[in-house]
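**Student:**
In the working numbering, the protein residues as written are 25 to 281.
(1) Alpha carbon to alpha carbon, how far is residue 123 from residue 90? Give it in angstroms, no decimals.
(2) How should residue 92 be labelled, buried or exposed, when 16 other C-beta atoms within 10 angstroms of its C-beta is the threshold for buried?
(3) Among 221, 226, 167 and 67, whose alpha-carbon lies nearest the alpha-carbon of residue 256?
(4) On the DSSP bridge assignment, give the partners of residue 152 in chain order.
(5) Give me, in chain order, the residues of the same chain whose beta-carbon lies closer than 7 angstroms to that of residue 157; leave out the 5 immediate sequence neighbours on both sides.
(6) Quick one, which of 105, 26, 79 and 44 has its alpha-carbon nearest residue 212's?
(7) Just reading off the alpha helix (DSSP H) that residue 77 is part of, what are its end residues?
(8) Would you give the residue range spanned by the beta strand (DSSP E) that residue 263 belongs to?
(9) Assign residue 68 to one of three DSSP states: helix, strand, or coil.
(10) Quick check on this structure: which residue in 27, 226, 53 and 180 has the alpha carbon closest to the alpha carbon of residue 200?
(11) Residue 99 to residue 82, Cα distance in whole Å?
(12) If you drop the 5 nearest sequence neighbours on each side, which residues of the same chain put their C-beta closer than 6 angstroms to that of residue 176?
(13) Grouping DSSP H, G and I as helix and E and B as strand, with all else coil, what is residue 91?
(14) Is it buried or exposed, residue 165, if we count other Cβ atoms within 10 angstroms and call 16 or more buried?
(15) Just to confirm my understanding: we take residue 141, look at its own chain, exclude 5 residues before and 5 after, and list those with CB closer than 7 angstroms. What are they?
(16) Is the Cβ-Cβ distance between residue 234 and residue 248 less than 9 angstroms?
(17) Grab the span of the alpha helix (DSSP H) containing residue 103 for me, first residue to last.
(18) Is the CB-CB distance between residue 87 and residue 37 below 9 angstroms?
(19) Determine whether the beta carbon atoms of residue 261 and residue 204 lie at a separation below 9 angstroms.
(20) When you compare the CB positions of residue 172 and residue 160, do they come within less than 9 angstroms of one another, or not?
(21) Which residues bound the beta strand (DSSP E) around residue 214?
(22) Using three-state DSSP, classify residue 202 as helix, strand or coil.
(23) So, at 6 angstroms on beta carbons, what are the nonlocal neighbours of residue 67 in its own chain, with the 5 sequence-adjacent residues on each side left out?
(24) For the beta strand (DSSP E) containing residue 123, list its first residue and its last residue.
(25) What's the call for residue 47, buried or exposed, on a 16-neighbour Cβ count within 10 Å?
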């Protein structure tokens, strides 16, 4: 799943496999950001921000073009995303218990109004072992907070049993979107940064938490985190989301263009 980062200034050609979609015809934003972040690490360091400027196409050649302060992801002449160094620290949100996360997941608002039903991370029409099937639901007593369990399966882990980094970025992405009401007003990821202290392991149970930070017009800022069941922080992220006019790639393009 990850692509080897360039050792020099060479352009890298790669694709995002169709399995890792968000909307039906473009990549899951978090997965794409994690993939792009990995490509940019050699140039900009481990801590980067990825800004999505157009929906990343699937099963199509993309180019990572290293730059000084900013590297670019291109699809032909179209600028898809930028990768830059990020010295800020995403906010760390408090954990919730495994029991509270399991109960919250039962309140997931993805049925019947999920805007992206086949999303790799939170789609309700994916099969076990194919999508992550995350179902972040509201946590009582914590306004703007959602949570759900996650146990990484063998199809998203490497040979050593750790979740692939782009998959972890994806798991930190969608729960943030559900801190608003995407069933009523679909939104897509616009910018994301993540800090990974430790990757989750195959077959181990974890808790994903998301919290709304603020909402201004059609833009939302949220924070997410991944914890062990006993409350140890493994990774956290901050993201900016934007409302879209419809749930197709063309609708998302009207946000990013």
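All C-beta atoms, glycine included, are put in the ideal place defined by N, C-alpha and C. The structure displayed is predicted, hence computed values, not measured ones.
**Tutor:** For this structure:
(1) Distance between the alpha carbons of residue 90 and residue 123 is about 44 angstroms.
(2) Residue 92 comes out exposed.
(3) Per the Cα distances, 221.
(4) Partner(s): 155.
(5) These residues qualify, in order along the chain: 150.
(6) Ranked by Cα distance from residue 212, the first of 105, 26, 79 and 44 is 79.
(7) Segment: none, residue 77 is in no alpha helix (DSSP H) and carries neither H nor E.
(8) Bounds of the beta strand (DSSP E) holding residue 263 are 257 to 267.
(9) For residue 68, the three-state secondary structure derived from DSSP is helix.
(10) Taking only the C-alpha atoms, the option nearest residue 200 is 53.
(11) Residue 99 and residue 82: Cα-Cα distance of roughly 11 angstroms.
(12) Counting only Cβ-Cβ distances below 6 angstroms, and skipping sequence neighbours, we find 187, 224 and 226.
(13) Residue 91: coil per DSSP, three-state reduction.
(14) The Cβ neighbour count for residue 165, taken over all protein chains shown within 10 Å, is under 16; the residue is labelled exposed.
(15) Scanning its chain for C-beta atoms nearer than 7 angstroms, with the 5 sequence neighbours on each side dropped, one finds around residue 141 the residues 147, 148 and 149, in chain order.
(16) Yes; because the gap between Cβ atoms is below 9 angstroms, this pair is in contact.
(17) Looking at the DSSP string, residue 103 is not in any alpha helix (DSSP H); the run it does join, the beta strand (DSSP E), is 102 to 109.
(18) Yes. Within cutoff.
(19) Cβ atoms of residue 261 and residue 204: not closer than 9 angstroms.
(20) Yes, these two residues count as a Cβ contact at 9 angstroms.
(21) 211 to 220 is the span of the beta strand (DSSP E), which, as asked, contains residue 214.
(22) Residue 202: coil per DSSP, three-state reduction.
(23) Excluding sequence neighbours, residue 67 sits near 90 and 95.
(24) For residue 123, no beta strand (DSSP E) segment is defined; the enclosing uninterrupted segment is the alpha helix (DSSP H) at 122 to 129.
(25) Here residue 47 is buried. Its C-beta has 16 or more other C-beta atoms within 10 Å.
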